[in-house]
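Taking it in order: structure first as structure tokens, then the write-up.
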Amino acid sequence: MTTTTNTHLSPAFPGRAPWGTANKLRAWQEAAMGSYIEQQPQDFLAVATPGAGKTTFALTLASWLLHHHVVQQVTVVAPTEHLKKQWAEAAARIGIRLDPEYSAGPLHKSYQGVAVTYAGVGVRPMLHRNRCEQRKTLVILDEIHHAGDSRSWGEACLEAFEPATRRLALTGTPFRSDTNPIPFVTYAEGNDGIRRSSADYTYGYGSALSDGVVRPVIFLSYSGNMRWRTKAGDEIEARLGEPLTKDANSQAWRTALDPRGEWMPQVLGAADRRLTEVRRAIPDAGALVIATDQDSARAYAKLIREITGEPATVVLSDDTGASERIDEFRLGDSRWMVAVRMVSEGVDVPRLAVGVYATTISTPLFFAQAVGRFVRSRRRGETASVFLPTVPSLLTFAHEMEVERDHVLDRPKKGDDDPYAEEADLLKEAEKQQDEDTGEDEQLSWEALGSDAVFDRVMYDGAEFGMQAHPGSEEEQDYLGIPGLLEPDQVQMLLQKRQSRQIAHSRKKPDEEADLVELPAERRPVVTHQELRELRRELHGLVGAYAHQTGKPHGSIHNELRRSCGGPPTAEATPNQLRQRMAKVREWATRMK
Numbered sequence: 018m019t020t021t022t023n024t025h026l027s028p029a030f031p032g033r034a035p036w037g038t039a040n041k042l043r044a045w046q047e048a049a050m051g052s053y054i055e056q057q058p059q060d061f062l063a064v065a066t067p068g069a070g071k072t073t074f075a076l077t078l079a080s081w082l083l084h085h086h087v088v089q090q091v092t093v094v095a096p097t098e099h100l101k102k103q104w105a106e107a108a109a110r111i112g113i114r115l116d117p118e119y120s121a122g123p124l125h126k127s128y129q130g131v132a133v134t135y136a137g138v139g140v141r142p143m144l145h146r147n148r149c150e151q152r153k154t155l156v157i158l159d160e161i162h163h164a165g166d167s168r169s170w171g172e173a174c175l176e177a178f179e180p181a182t183r184r185l186a187l188t189g190t191p192f193r194s195d196t197n198p199i200p201f202v203t204y205a206e207g208n209d210g211i212r213r214s215s216a217d218y219t220y221g222y223g224s225a226l227s228d229g230v231v232r233p234v235i236f237l238s239y240s241g242n243m244r245w246r247t248k249a250g251d252e253i254e255a256r257l258g259e260p261l262t263k264d265a266n267s268q269a270w271r272t273a274l275d276p277r278g279e280w281m282p283q284v285l286g287a288a289d290r291r292l293t294e295v296r297r298a299i300p301d302a303g304a305l306v307i308a309t310d311q312d313s314a315r316a317y318a319k320l321i322r323e324i325t326g327e328p329a330t331v332v333l334s335d336d337t338g339a340s341e342r343i344d345e346f347r348l349g350d351s352r353w354m355v356a357v358r359m360v361s362e363g364v365d366v367p368r369l370a371v372g373v374y375a376t377t378i379s380t381p382l383f384f385a386q387a388v389g390r391f392v393r394s395r396r397r398g399e400t401a402s403v404f405l406p407t408v409p410s411l412l413t414f415a416h417e418m419e420v421e422r423d424h425v426l427d428r429p430k431k432g433d434d435d436p437y438a439e440e441a442d443l444l445k446e447a448e449k450q451q452d453e454d455t456g457e458d459e460q461l462s463w464e465a466l467g468s469d470a471v472f473d474r475v476m477y478d479g480a481e482f483g484m485q486a487h488p489g490s491e492e493e494q495d496y497l498g499i500p501g502l503l504e505p506d507q508v509q510m511l512l513q514k515r516q517s518r519q520i521a522h523s524r525k526k527p528d529e530e531a532d533l534v535e536l537p538a539e540r541r542p543v544v545t546h547q548e549l550r551e552l553r554r555e556l557h558g559l560v561g562a563y564a565h566q567t568g569k570p571h572g573s574i575h576n577e578l579r580r581s582c583g584g585p586p587t588a589e590a591t592p593n594q595l596r597q598r599m600a601k602v603r604e605w606a607t608r609m610k
């Protein structure tokens with residue numbers, strides 16, 4: 018066989034296009050097709066950022082394999098019931114009929130394959146193995162990292178699809194925080210002795226952004242003061258984003274997301290104002306709140322109705338009408354949707370342009386999937402806006418949108434540089450099924466007493482812009498009013514202009530009137546997140562050494578440094594403030610010698 022797609026794709030696909038999904042293949046899809054046809058592998062792993070068009074690539078390849086009689090049937094394995102139906106609909110548009118209701122027995126001759134879920138394969142692996150043994154089969158494993166969710170699912174996939182003629186694995190987020198191997202994925206050992214997943218073709222967010230395939234994402238972060246009562250009856254007040262213990266950080270975060278406080282109504286109000294601005298250029302633009310649980314989702318929907326006067330579409334995973342509601346929202350022009358986990362991955366609602374991350378799930382996997390709901394571009398110039406609580410792990414993920422990661426099978430040795438080490442337990446917990454009872458609420462029992470929101474900063478393309486400001490202020494509105502249609506370089510230029518204007522405006526006001534919470538304007542320059550992260554890491558190392566020397570808790574030392582040097586919490590400090598604190602802790606350590 019030759020190695021180009023031009024001579025191999027059927028004339029039935031004019032312009033090499035899968036009907037109903039795209040006018041023509043994108044450059045990365047054509048390149049991936051060429052790579053596949055040249056290699057003709059049994060297994061092929063394609064990693065493409067959410068919104069890039071993995072479905073189009075997979076169905077085009079399926080058409081080619083069917084047309085050339087390499088395979089006789091197709092099996093698509095998807096994470097959810099909704100997604101398997103979505104796959105069947107997309108396949109039907111290009112002439113491949115998949116049965117999304119298949120459960121057992123012979124397949125009707127009008128179908129060329131089936132669409133099933135990983136859970137369904139887990140229940141009856143031998144059924145699917147027999148199908149693969151009877152006819153040459155292409156298996157498309159959508160978001161294949163789900164096959165690593167549990168040993169039973171992974172083993173079932175191995176058993177069911179080991180005899181398949183061809184296997185195409187797809188994912189936008191191959192990295193997981195556990196070390197369960199993913200079936201049919203190749204792992205290569207690096208020079209450090211750690212095995213990582215090896216993709217056959219990768220198309221990352223950075224490349225997709227350069228090509229105009231996905232939208233640039235503007236992250237708007239909100240901090241604020243949180244008050245809660247612990248199980249022991251102690252009342253605690255802390256600022257969201259401050260260095261806290263794991264339990265205190267969890268309770269502060271959950272307090273912010275409590276719908277009875279002020280933080281959520283204020284952030285939802287800001288997000289709705291942003292949506293109004295975006296809809297000036299994109300009239301059907303929609304917004305999505307990703308909630309932690311069903312009670313919160315319903316409460317957020319009630320808040321949205323109070324704020325906007327319009328009802329929000331509520332999508333709950335155990336609701337039999339969830340798929341229909343998603344489709345209705347996708348095809349309509351209403352403003353808001355609230356969901357728990359149903360739309361965190363794979364569900365295609367291209368008009369979503371504004372998001373509120375109102376969940377305590379903090380794994381890089383889930384975060385990337387969630388943000389992926391907003392990056393699908395329909396026309397050049399569209400931007401996406403995602404509202405976040407000021408939580409260090411989320412800010413790190415936001416700044417590292419363009420970092421391509423692989424699934425790691427081996428943990429770094431103790432003492433190695435592992436940016437996720439501090440939250441390893443949280444990551445493990447967060448990737449459990451979100452509806453299972455883990456007993457965490459009993460262990461971390463708390464009662465939210467009050468919260469307020471403070472506009473903190475804007476993050477875009479590795480840089481931070483803006484200063485803290487009160488909700489509803491002119492300073493906040495400057496950033497909420499950014500046009501919804503901009504090229505990536507225009508976003509950067511406009512953010513720089515808005516920040517310069519905010520600094521100039523704040524300098525004209527007396528200190529007591531300035532709409533800033535803690536940071537003087539001249540001490541909030543634009544810096545890259547990488548620089549800040551290195552300075553914070555160095556400071557934490559010095560604090561750790563001093564804590565070992567003195568026996569004082571880390572948090573106590575950070576508070577002493579803040580009292581001595583001034584300024585905000587470490588997570589919000591400028592480079593100069595971090596350097597001042599490093600000099601101060603060195604001075605303290607020297608005095609003790």
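For reference, each letter of the sequence shown is one residue, going 18 to 610 in our numbering.
All C-beta atoms, glycine included, are put in the ideal place defined by N, C-alpha and C.
| Item | Value |
| --- | --- |
| Q451, DSSP secondary structure in three states | Residue placement at Q451 cannot be trusted, given a pLDDT of 35 that sits under 50; the coordinates are not used to answer. |
| Alpha helix (DSSP H) runs wholly inside the segment 285 to 363, at least 4 long, in chain order | 311 to 325, 339 to 348 |
| CA nearest to the CA of T293, picked from A269, I324, H145 | I324 |
| Distance between M418 and Q283 (C-alpha atoms, nearest Å) | 26 Å |
| Secondary structure of Q90, DSSP reduced to three states | strand |
| Inter-residue Cα distance where the pair is G489 and S240 | 14 Å |
| DSSP state of V373 mapped onto helix, strand, coil | strand |
| N147 - DSSP class collapsed to helix/strand/coil | helix |
| Status (buried if at least 16 other CB within 10 Å, exposed otherwise) for T188 | buried |
| Host beta strand (DSSP E) of Y220 (start-end) | 218 to 220 |
| Alpha carbon of R603 to alpha carbon of H571, nearest angstrom | 15 Å |
| Interface flag, S379 vs chain C, CB-CB below 8 Å | Checking the listed chains, one finds no chain C in this structure; it contains a single protein chain. |
| Simplified DSSP state of T400, which is helix, strand or coil | coil |
| Sequence ranges, alpha helix (DSSP H) only - wholly within the segment 157 to 192, length at least 4 | 168 to 178 |
| Three-state secondary structure assigned by DSSP to V366 | coil |
| N- and C-terminal bounds of the beta strand (DSSP E) containing A255 | 252 to 256 |
| Spatially closest choice to A600 from E555, T330, S573, P585, by CA coordinates | E555 |
| Backbone CA spacing between Q516 and Q268 [nearest angstrom] | 32 Å |
| Among P117, L595, R518, I111, the one whose alpha carbon lies nearest that of Q103 | P117 |
| Separation of H565 from Y222, as counted between CA atoms | 41 Å |
| Cβ neighbours of G278 in the same chain (closer than 7 Å, five flanking residues each side left out) | T272, A465, G467, S468 |
| heavy atom of the ligand NAD below 7 Å from A606 C-beta | As presented, the structure is devoid of all ligands, the ligand NAD included, so that no description of it is given. |
| Cβ neighbour criterion (16 or more within 10 Å) applied to A121 | exposed |
| First and last residue of the uninterrupted beta strand (DSSP E) at V131 | 130 to 134 |
| Three-state secondary structure (DSSP) of A95 | strand |
| Nearest-angstrom Cβ-Cβ length linking I199 and V91, presumed shorter than 8 Å | About 21 Å separates the two Cβ atoms, so there is no contact after all. |
| Beta-carbon spacing of D159, P96 below 8 Å | yes |
| Inter-residue Cα distance where the pair is W170 and L511 | 48 Å |
| Candidates R148, A105, C149, E98, of which the one nearest A136 by Cα | E98 |
| Minimum C-alpha distance to M4 - residue among E341, E106, P328 | Residue 4 lies beyond the residue range present for the chain, which begins at 18 and ends at 610; the question has no answer from this structure. |
| Local conformation of A65 per DSSP, three classes | strand |
| For A415, the first and last residue of its enclosing beta strand (DSSP E) | Careful: A415 lies outside any beta strand (DSSP E), inside the alpha helix (DSSP H) at 409 to 416. |
| Cβ pair count under 8 Å reaching 3, the segment 40 to 60 against the segment 122 to 135 | no |
| Three or more C-beta pairs below 8 Å linking the segment 214 to 233 and the segment 43 to 56 | yes |
| When D350, R256, F414, V94 are compared against V234, the one with the closest alpha-carbon | F414 |
| Nearest-angstrom Cα separation, counted from H162 out to E3 | Residue 3 is absent from the structure shown; the chain starts at 18 and stops at 610. |
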